[in-house]
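J.: Have a look at the structure that comes next, please.
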Amino acid sequence: MTKVQALLAGLPDETKQQFIPLFGDVDKFYTVMYLIAKNEHITGNEKPDRYQERLDVIRRIRSKVENIVTSFGLDGSELVADVASDYFEDYVNFREPSIMLTNEEFVGTINKIAAFN
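Pasting the structure below:
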């Protein structure tokens with residue numbers, strides 16, 4: 001368990017409850033943010049067709065999540081950055097964690113975030 005995963009696990013139940021409508025729970029929040037960091041990194045490196053548009057969308061979603069998490073009384077920017085740091089730590093060490101989230105669940109969560117006001 002990473003430092004940020006331990007922090008999320010140790011949050012008060014009232015705070016954890018705030019993650020449920022969009023993410024399901026704090027573990028899925030972590031996984032979604034990890035995958036967002038991974039997608040941003042891969043898109044920036046591989047530069048597929050219309051990569052700049054993709055990066056813009058990824059960054060808008062990330063920023064929106066930072067604001068949402070900040071509204072929960074946490075430092076959203078720091079929390080999201082810590083999850084991204086975990087991704088980069090795994091990347092440089094050639095680790096591929098087990099992702100317990102289907103592509104459909106990931107896309108569904110991204111759509112919920114995008115629609116969140």
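Each residue of the sequence shown is one higher than the one before, counting from 1 in the UniProt record's numbering.
Even for Gly, the Cβ is constructed at its ideal location relative to N, Cα and C.
Would you report the Cα separation of GLN17 and LYS47, rounded to the nearest angstrom?
T.: The straight-line gap from Cα to Cα measures roughly 37 Å.
J.: Who are the Cβ neighbours of ASN67 in its own chain at under 7 Å, not counting the five residues just before and after it?
T.: GLY76.
J.: Any contact of the region 93-106 with the region 41-58, i.e. 3+ C-beta pairs under 8 Å?
T.: No, the region 93-106 does not touch the region 41-58.
J.: By a C-beta neighbour count over all protein chains shown, 10 Å radius and 16 as the cutoff for buried, is ILE20 buried or exposed?
T.: Exposed, since its Cβ has fewer than 16 Cβ neighbours within 10 Å.
J.: Whose CA, out of ASP56, GLY44 and GLU78, lies closest to the CA of TYR30?
T.: Considering only alpha carbons, the answer is GLU78.
J.: Between the alpha carbons of GLU40 and ILE58, how many angstroms are there, rounded?
T.: Roughly 6 Å between the two C-alpha positions.
J.: Using the C-alpha atoms, what's the distance from ARG62 back to ASN117?
T.: The alpha-carbon atoms of ASN117 and ARG62 are separated by roughly 14 Å.
J.: Can you list, in chain order, the residues of its chain with a C-beta nearer than 8 Å to that of GLY73? Leave out the 5 residues immediately preceding and following it.
T.: Around GLY73: THR15.
J.: So which of ILE36, SER71, GLU96 and ARG95 has the shortest CA-CA distance to ASP82?
T.: Nearest of ILE36, SER71, GLU96 and ARG95 to ASP82, Cα basis: ILE36.
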